[in-house]
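Here the structure is laid out as structure tokens; the discussion comes afterwards.
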Amino acid sequence: MKISEVTLRRLSMPLVKPFRTSFGTQTQRDVLLVEVLADGNIGYGECVAMSVPLYSEEYVIGAQDFISRFIVPRLFQKELEPTEFAEEMADLLGNRMAKASVEMALMDSWLKAKGISFADYLRVDRDRVPVGVSIGIAESIDALVAEVNDYVEQGYTRVKLKIEPEFDIAPTKAIRNEFPDLQLQVDANQAYRAPDIDHLLRLDEFELLLIEQPMSESDIAGHIKLAKLMQTPVCLDESITSASVAKDLIELGATSVVNIKPGRVGGYLEAVRIHDVCQKLSVPVWCGGMLETGIGRAANLALAGLPGFSLPGDISGTNRYWNRDITQEFVVVDGEIELPTGIGFGAEVDTEMLLSYQTEYLTLTRP
Ligand code: OSB
Ligand code: MG
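According to the working numbering, the sequence shown is numbered sequentially starting from 1.
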């Protein structure tokens with residue numbers, strides 16, 4: 001691929017309501033978009049890093065700097081296919097969210113040149129996938145019940161509750177009592193430590209699908225210990241950074257379900273490799289989310305069409321996060337969303353909307 005231009009765009013997009021997790025409250029998303037122009041085809045990538053390094057060590061301005069300083073010069077030096085990108089950047093350590101966003105833009109443009117969709121490229125045969133909704137820590141249990149009820153009425157059949165030490169057993173109990181048939185899971189985003197294991201075991205009575213990332217991303221021993229004692233399957237998110245790490249953590253007994261987020265693992269191609277490893281080991285996977293715009297949402301829907309994605313993904317309808325998105329709308333019908341069918345990742349970018357959210361941009365041109 002001969003890339004003639006790379007544009008990095010920053011957008012400030014307000015969320016429909018604040019989203020609170022154990023690591024903080026978000027009221028807007030500081031989106032970094034990567035736009036490449038190659039052989040006349042524009043490709044879009046979305047970076048999932050947040051403005052502050054609370055979920056992982058990456059952050060938006062760092063990603064922007066990394067891409068413009070280290071990645072783009074290499075793209076202009078050598079003509080790379082998206083399938084060669086990760087290997088070509090492997091000596092540059094970490095920065096997986098930054099790398100993923102560039103690989104994504106290359107892939108989108110490359111698929112457009114071939115005239116095929118990402119789902120076709122992956123040989124996905126589903127045309128819709130089951131999805132769930134991730135619900136932030138609420139002001140009160142009553143407020144949480146009302147919120148869950150609202151999503152259930154919109155057709156969601158799987159709900160994930162964000163938890164933390166002061167907001168875990170009681171809210172989970174309340175939701176389980178109120179919605180006995182709901183597919184329910186919880187996500188702690190690393191808020192607990194090994195001494196909290198006895199406390200976490202109290203969640204076992206609520207028939208959860210899984211508990212996501214209860215302890216620190218580096219606390220492998222803690223997760224192994226918990227997984228041995230807990231009936232609820234332990235599912236790692238933050239700790240899973242590649243297919244080889246996924247394989248090791250499964251074999252060590254630290255995780256028995258895997259959350260796959262393409263941004264966290266360096267891109268959609270590595271995400272597919274994690275899917276493949278987990279399928280071989282009979283470990284169920286599901287697609288995580290990072291409050292994506294329609295660009296990332298479209299791509300995640302196609303990925304979640306792969307056969308090993310046997311649990312609903314954190315891929316909610318557009319209206320869960322945005323009043324006005326920068327792409328076509330994705331709508332939940334009976335707990336499912338249809339895969340995009342357009343070429344590339346299938347996001348139809350509304351340039352006018354995009355520009356209305358843009359706070360700055362930088363265009364780098366092939367020398
Ligand atoms: O841990 O899964 C997470 C959002 C931002 C950062 C981390 C996480 C999340 C979510 C929301 O849970 C998933 C989504 O709906 O996009
Ligand atoms: Mg998570």
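C-beta atoms are modelled at their ideal positions from N, C-alpha and C, and glycine is treated no differently.
Residue(s) in a DSSP beta bridge with residue i
i, result
"residue 337", "129"
"residue 160", "134, 185"
"residue 7", "35, 363"
"residue 286", "259"
"residue 357", "Paired residues: none, contrary to the question."
"residue 192", "215"
"residue 60", "Its beta-bridge partners do not exist; DSSP assigns none."
"residue 168", "Its beta-bridge partners do not exist; DSSP assigns none."
"residue 42", "37"
"residue 344", "117"
"residue 12", "30"
"residue 19", "26"
Beta-carbon spacing of residue i, residue j below 9 Å
i, j, result
"residue 295", "residue 330", "no"
"residue 235", "residue 256", "yes"
"residue 110", "residue 13", "no"
"residue 97", "residue 49", "yes"
"residue 32", "residue 77", "no"
"residue 100", "residue 268", "yes"
"residue 16", "residue 319", "yes"
"residue 60", "residue 104", "no"
"residue 25", "residue 362", "no"
"residue 185", "residue 210", "yes"
"residue 194", "residue 226", "yes"
"residue 343", "residue 173", "no"
"residue 68", "residue 37", "no"
"residue 228", "residue 253", "yes"
"residue 178", "residue 145", "yes"
"residue 94", "residue 57", "yes"
"residue 118", "residue 92", "no"
"residue 347", "residue 121", "no"
"residue 176", "residue 212", "no"
"residue 291", "residue 29", "yes"
"residue 287", "residue 261", "yes"
"residue 198", "residue 165", "no"
"residue 55", "residue 19", "no"
"residue 266", "residue 285", "no"
Check: residue i C-beta below 8 Å from any heavy atom of ligand 2
i, result
"residue 253", "no"
heavy atom of ligand 1 below 8 Å from residue i C-beta
i, result
"residue 28", "no"
"residue 310", "no"
"residue 50", "yes"
"residue 167", "no"
"residue 290", "yes"
"residue 148", "no"
"residue 206", "no"
"residue 55", "yes"
"residue 319", "no"
"residue 133", "yes"
"residue 330", "no"
"residue 351", "no"
"residue 259", "yes"
"residue 157", "no"
"residue 219", "no"
"residue 228", "no"
"residue 216", "no"
"residue 315", "yes"
"residue 19", "yes"
"residue 189", "yes"
"residue 173", "no"
"residue 225", "no"
"residue 114", "no"
"residue 247", "no"
"residue 162", "yes"
Presumed contact (8 Å Cβ cut-off) between residue i and residue j, rounded CB distance
i, j, result
"residue 131", "residue 310", "About 13 Å separates the two Cβ atoms, so there is no contact after all."
"residue 135", "residue 152", "Not a contact, Cβ separation roughly 11 Å."
"residue 289", "residue 314", "4 Å"
"residue 335", "residue 155", "5 Å"
"residue 214", "residue 188", "5 Å"
"residue 9", "residue 358", "6 Å"
"residue 128", "residue 337", "6 Å"
"residue 339", "residue 299", "That belief does not hold up - the Cβ atoms of residue 339 and residue 299 are roughly 10 Å apart, past 8 Å."
"residue 102", "residue 364", "Not a contact, Cβ separation roughly 12 Å."
"residue 270", "residue 242", "6 Å"
"residue 11", "residue 354", "7 Å"
"residue 230", "residue 200", "7 Å"
"residue 249", "residue 220", "7 Å"
"residue 27", "residue 137", "That belief does not hold up - the Cβ atoms of residue 27 and residue 137 are roughly 14 Å apart, past 8 Å."
"residue 169", "residue 202", "5 Å"
"residue 232", "residue 46", "Rounded, the Cβ-Cβ distance is 32 Å, inconsistent with contact."
Mind listing, in chain order, the residues whose beta carbon lies closer than 5 Å to a non-hydrogen atom of ligand 2? 187, 212, 237
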